[in-house]
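Undergrad: Questions regarding the structure given below will be posed in turn.
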DNA sequence: ACCCAGGTGGCCC
DNA sequence: GGGCCACATGGG
């Protein structure tokens with residue numbers, strides 16, 4: 001089983017079109033920070049509330065009182081940090097790019113990435129999510145779900161972000177649509193099939209994927225040790 | 001009453 | 001450079 005085969009297999013049983021809905025690059029950036037360690041459902045409430053208030057806007061968020069932003073963000077958890085990180089990003093974009101995220105997203109991809117990583121609250125996954133989903137740049141997100149699935153599929157066992165990212169990217173054409181589809185498929189698969197049935201006996205990956213959520217469940221760890229291969 | 005979620009950063013050794 | 005820990009709300 002290689003990455004391309006896994007991609008095909010997952011595509012056969014899941015539809016992830018419109019998986020990261022957003023009306024702008026800025027909305028994706030906000031969502032990328034909000035979704036850290038939080039269910040998307042909670043992020044949606046915050047995004048909806050920002051829109052309802054007409055505040056889904058770089059300058060609005062840059063100038064909004066911080067405590068007001070915190071109140072809006074509360075349902076997404078870690079609200080104090082996230083409010084501060086998002087407002088900081090908004091002010092940075094306002095200052096450096098006349099409030100237009102495209103200035104940051106459309107420059108050399110490694111420069112964009114380094115710049116994003118220099119901002120507080122933006123680590124590797126968030127930076128790559130922004131590059132991929134907001135910028136449409138070909139960067140694969142080597143998230144925890146991805147690492148666990150590859151591990152339990154017996155494809156690659158590594159906790160090194162860069163190694164996992166390079167492995168996946170090296171086996172696929174450098175296409176942002178392919179990368180975003182695969183990432184969405186992997187996460188969606190974990191959220192639906194695997195969560196409902198940890199042993200994953202009847203899913204499209206047969207007995208290979210097991211549960212790809214946090215490796216804290218005894219039954220899943222046991223099953224994954226037994227060796228999962230096609 | 002647990003456990004989990006589409007992470008990040010700070011501190012410790 | 002790895003191993004802990006805080007951060008916080010909402011759902012199963």
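Residue numbers (our numbering): 1 to 230. Heads up, the beta-carbon is just placed ideally off N, CA and C, and yes, glycines get one too. All values reported here derive from a predicted model rather than from experimental measurement.
Would you report the Cα separation of residue 226 and residue 153, rounded to the nearest angstrom?
TA: Along the first chain, read from residue 1 onward, the residue named residue 226 stands at position 226. Along the first chain, read from residue 1 onward, the residue named residue 153 stands at position 153. Reliability fails at residue 226, whose pLDDT of 32 lies under 50, so the model's placement of it is uncertain and no value is given.
Undergrad: If we call anything under 9 Å between Cβ atoms a contact, is residue 205 one with residue 69?
TA: In the first chain, the residue the question calls residue 205 occupies position 205. In the first chain, the residue the question calls residue 69 occupies position 69. No, these two residues do not count as a Cβ contact at 9 Å.
Undergrad: Measuring alpha carbon to alpha carbon, tell me which of 83, 12, 120 and 58 ends up nearest residue 102.
TA: For this step, residue 102 is matched to residue 102 along the first chain. Nearest option by C-alpha distance: 58.
Undergrad: Just to confirm the assignment: which complete alpha helix (DSSP H) runs, minimum length 4, are found wholly within the region 11-95?
TA: Listed in chain order, they are 25-34, 40-52, 58-63 and 66-73.
Undergrad: Less than 8 Å between C-beta atoms, sequence neighbours within five positions excluded: which residues of the same chain meet that for residue 64?
TA: As a position in the first chain, residue 64 is number 64, starting the count at 1. Here the set comprises 55 and 87.
Undergrad: For a quick check, are the C-beta atoms of residue 3 and residue 155 less than 9 Å apart?
TA: Within the first chain, numbered from 1, the residue matching residue 3 stands at position 3. Within the first chain, numbered from 1, the residue matching residue 155 stands at position 155. A contact, by the Cβ cut-off of 9 Å.
Undergrad: Please tell me whether residue 26 and residue 180 are closer than 9 Å, where the distance is taken between their beta carbons.
TA: Within the first chain, residue 26 is the residue found at index 26, counting from 1. Within the first chain, residue 180 is the residue found at index 180, counting from 1. Cβ distance not < 9 Å, so residue 26 and residue 180 don't count as in contact.
Undergrad: Is the region 69-86 touching the region 100-118, taking contact as three or more C-beta pairs under 8 Å?
TA: No, the region 69-86 does not touch the region 100-118.
Undergrad: Is residue 18 buried or exposed, if buried means 16 or more other CB atoms sit within 10 Å of its CB?
TA: Position 18 of the first chain, counting from 1, holds the residue named residue 18. The residue in question, residue 18, is exposed, as its Cβ has fewer than 16 Cβ neighbours within 10 Å.
Undergrad: Please say whether residue 50 and residue 42 have beta carbons closer to each other than 9 Å?
TA: Here residue 42 is taken as the residue at index 42 of the first chain, counted from 1. Here residue 50 is taken as the residue at index 50 of the first chain, counted from 1. Cβ atoms of residue 42 and residue 50: not closer than 9 Å.
Undergrad: So, using beta-carbon positions, are residue 128 and residue 147 closer together than 9 Å?
TA: The residue given as residue 128 occupies position 128 in the first chain. The residue given as residue 147 occupies position 147 in the first chain. Contact flag unset, no.
Undergrad: Can you tell me the Cβ-Cβ gap for residue 145 and residue 190, rounded? I've got them flagged as a contact below 8 Å.
TA: Here residue 145 refers to the residue found at position 145 when the first chain is read from its first residue. Here residue 190 refers to the residue found at position 190 when the first chain is read from its first residue. Right, their Cβ atoms sit about 5 Å apart.
Undergrad: Given a cut-off of 9 Å on the beta-carbon distance, is the pair residue 167 and residue 150 in contact?
TA: The residue given as residue 167 occupies position 167 in the first chain. The residue given as residue 150 occupies position 150 in the first chain. Yes, Cβ-Cβ distance for residue 167 and residue 150 is below 9 Å.
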